[in-house]
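Note sheet for the following structure.
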Amino acid sequence: MSQTLLTSITVFVLAVFLGFELISRVPTLLHTPLMSGTNAIHGIILVGAMLIAGSADSDLEKVLAFVAVVFGTINVVGGFLVTDRMLEMFKRKPAERDE
Amino acid sequence: MTLAVSQTNINLAYLVASVCLIIGIKRLSSPATARSGNVVAAVGMAIAIVFTFLDPDIDTYWIIIAGMAVGTVIGVASARMVKMTAIPQMVALFNGVGGGAAALIAAAEFHRLAPASGHVLPEWMGAMLFSALIGSISFSGSLVAFGKLQELLPGRPIVFRGQQIVNAILFAGLLVAGILAGSTEAGIWAVLLLLGALVFGVLLVLPIGGADMPVVISLLNAFTGLAAASAGFVLENTALIIGGTLVGASGTLLTVLMGRAMNRSLANVLFGAFGAPAPAAAGGAAASTDGKSYREVTAEDAAVMLAYASRVVVVPGYGLAVAQAQHNVRELADLLEARGVDVKYAIHPVAGRMPGHMNVLLAEANVPYPQLYDMEDVNPEFPRTDVALIIGANDVTNPAARDDPESPLYGMPILNVDQSVNVVVLKRSMSPGFAGIDNDLFYRPNTAMLFGDAKSSVEKLVAAVKAA
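As you go down the protein sequences, you meet chains A and B in turn.
The first sequence begins at 22 in this note's numbering and counts up one residue at a time.
The second sequence begins at 862 in this note's numbering and counts up one residue at a time.
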């Protein structure tokens, strides 16, 4: 096993535990925004798409990489914006009700 | 043209980005910090993207820039224009394209590496094929989920005879194709794997009822995370591994939590064909369904019930979201409170199309937080409640889930609205709810039906309460 692979596996295993720990006590109310937020975070796949697109040789690879970049960008941009719109709704405005 | 920065510096930037993503998720899981958490995560993402631009391996920029321009336009437009009610399917769509990107990356890498040497590292090959498999399933599955929520496809479970056997055979076939693609490095097997996985994703989601879609989208979200992580193994990129794995792990846990809120196991959601009529109920109960009668009420009568009640519990559901009636409901509640009526909102964990859906809508109408009650807190209140006002909610109030072991809903916790003195149901028609199951509540003697679009019905109630 190469050193790089071992490092990758180490990072992977630690990230698994971290992922579980991070959200173990989340209120139901936030399930949807949290799903939407993590949905945006896996848009990190865009980084992979960029690396492929930047070094593509054949036309087929270029086409695949182009579509991958488009998809990844939609995932990132759309994901964060939709999450923000959702969370904007939670903002507590100063109480206008006078009772 | 070169903007190259050393690989070490890029990896340091990835570390900073990863920390931002972690802090972002952490803050997203608490109401007070959620919005800033999303911003922190977005900043982390921006750092990762900017430094990737500086990677020395990148020699062509135009594909990236063109792709990002197209993607940004589509992403911004769709996120801005989507209505609040359609956000669940938007999340499904964004998730699907992420999975699609992972599959395409795997395909491109396979094409680049496989024919060249014949000596692809086995760990790369494995990660590549896994990414292709899971990414494709997530892509097509998410599109089906989108179709169901957008009502392009029927929301009811689509089942056919021997479906699970077909799925099992297909899955076995995918494994074989994967092994052959890995060992022979022949493109045909990789193409078959991709296509087969797309079909599998469709077959996986088709038999799942619309009411379970949030759980499914959450599961597919975790899948996309794992696909991204394995793409990270192929590209030896820590940002991808960390970001993808975080989503894979937290998404899996979130899926379990969501299932638990509905009192259903994941296996039950995936293979239970929820919403298909229970075999026993189909024969026995059919006769009585037709014979049952319900009571219709005018807005004026319902308004009088509300105006002279001392305790009212409002139960919002998807119908409220569709009609965008949240502001009118707030107005009605304010009027009632001004008359001295105690008004509470009962929020079922899965009311609407996603957990938290109702909280978002009511928050938009500035309904004060202390008036929103979770299911456990409000259920003991119903026996003391004069009027339970149900606005576009259905399955979450179905007493069969509590009382009838043969109902497909049996076991799902519900709001015990039937224990109130009076129940007023605002509904467009007598058609069954999203799960496709008839609701016995509507036929109870203490239930009155007020038919019409939720918004116009609430407007009528407001006018009538003012007059009362």
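Where a beta carbon is used, it is the ideal one built from N, C-alpha and C, also for glycine.
Being a predicted model, the structure only gives us computed values, none of them experimental.
- Message: By the DSSP assignment, the beta strand (DSSP E) with Y1206 of chain B in it spans what residues?
- Response: 1203-1208
- What did DSSP end up calling P892 of chain B once you bin it into helix, strand or coil? coil
- Answer yes or no: do L72 of chain A and T913 of chain B have a C-beta to C-beta separation smaller than 8 Å? yes
- Message: Just to confirm my understanding: we take T946 of chain B, look at its own chain, exclude 5 residues before and 5 after, and list those with CB closer than 7 Å. What are they?
- Response: A1182, V1183
- Give me the Cα-Cα distance between V931 of chain B and V1286 of chain B, rounded to the nearest whole angstrom. 46 Å
- Task: Provide the residue span of the alpha helix (DSSP H) that contains L1197 of chain B, from first to last.
- Result: 1187-1199
- Query: Which value, in whole angstroms, describes the spacing of the CA atoms of E1237 of chain B and E1192 of chain B?
  - Reply: 26 Å
- Message: According to DSSP, simplified to helix, strand and coil, what is E1046 of chain B?
- Response: coil
- Task: From the DSSP output, read off the bridge partner residues of R1172 of chain B.
- Result: B:D1203
- Where I908 of chain B and F1312 of chain B are concerned, what is the direct C-alpha to C-alpha distance, given to the nearest angstrom? 53 Å
- Item | Enclosing alpha helix (DSSP H) for K1316 of chain B [first to last residue] | 1315-1328
- Query: Hey, is the segment 1060-1079 of chain B in contact with the segment 1014-1028 of chain B, meaning 3+ C-beta pairs nearer than 8 Å?
  - Reply: yes
- Query: Interface residues of chain A around V931 of chain B at Cβ under 7 Å?
  - Reply: V91
- Could one say the Cβ of L27 of chain A lies closer than 8 Å to chain B's Cβ atoms, at least one of them? no
- Message: If you measure between the beta carbons of A1058 of chain B and A993 of chain B, is that distance less than 8 Å?
- Response: yes
- Message: Mapping the DSSP letters down to three states, classify K887 of chain B as helix, strand or coil.
- Response: helix
- So, A1160 of chain B versus V1248 of chain B, is the Cβ gap smaller than 8 Å? no
- Message: Run through chain B and tell me which residues come within less than 7 Å of D80 of chain A, C-beta to C-beta.
- Response: In chain order: nothing, as chain B lies at least about 11 Å away.
- Message: Under 8 Å, Cβ to Cβ, is there at least one residue of chain A near V937 of chain B?
- Response: yes
- Task: Assign W923 of chain B to buried or exposed, taking buried as 16 or more other Cβ atoms, counted over all protein chains shown, within 10 Å of its Cβ.
- Result: exposed
- Task: Could you name the residues that DSSP lists as bridge partners for K1288 of chain B?
- Result: B:F1312
- With 16 other Cβ atoms within 10 Å as the buried cut-off, status of K1316 of chain B: buried
- Query: Quick one: what does DSSP say D1247 of chain B is sitting in, helix, strand or coil?
  - Reply: coil
- Once you ignore the five residues that flank P1138 of chain B on each side, which residues in its own chain have a CB closer than 6 Å to its CB? Interpretation of P1138 of chain B is limited by its pLDDT of 40, a score under 50 that renders its predicted location unreliable; the figure taken from the coordinates is listed afterwards. Excluding residues within five positions, none has a Cβ falling inside 6 Å.
- Message: Between V1076 of chain B and V1130 of chain B, how many whole angstroms is the CB-CB distance? I'm expecting something under 8 Å.
- Response: 5 Å
- Query: Along chain A, which residues have their Cβ under 8 Å away from the Cβ of F991 of chain B?
  - Reply: The premise fails here: F991 of chain B is roughly 12 Å from chain A at the closest Cβ pair, so nothing lies under 8 Å.
- Kindly indicate which residue of B:I966, B:N872, B:S1091 has the alpha-carbon position closest to the one of A77 of chain A. B:I966
- Task: Using a Cβ-Cβ cut-off of less than 7 Å, list which residues of the segment 1190-1215 of chain B approach chain A; keep chain order.
- Result: P1210, M1215
- Message: Taking CB distances under 8 Å as the criterion, tell me whether E1046 of chain B reaches chain A.
- Response: no
- Message: Suppose contacts are defined by Cβ-Cβ distances below 8 Å. Is L1115 of chain B in contact with S1091 of chain B by that definition?
- Response: no
- Task: Over the uninterrupted alpha helix (DSSP H) stretch that includes Y1179 of chain B, give me the two end residues.
- Result: 1179-1184
- Proximal chain A residues relative to K1009 of chain B, where beta-carbon distance stays under 9 Å: What K1009 of chain B touches in chain A: nothing, since even the nearest Cβ is about 17 Å away.
- Rounded distance between the beta-carbons of N1220 of chain B and L50 of chain A, thought under 8 Å: 5 Å
- P1244 of chain B versus B:D1279, B:M942, B:K1288, residue with shortest Cα-Cα distance: B:D1279
- Item | L1233 of chain B, DSSP secondary structure in three states | strand
- Note down, in chain order, each residue of its chain lying with its Cβ closer than 8 Å to the Cβ of A1261 of chain B, except the 5 sequence neighbours on either side. S1268, L1270, Y1271, I1298, N1300, D1301
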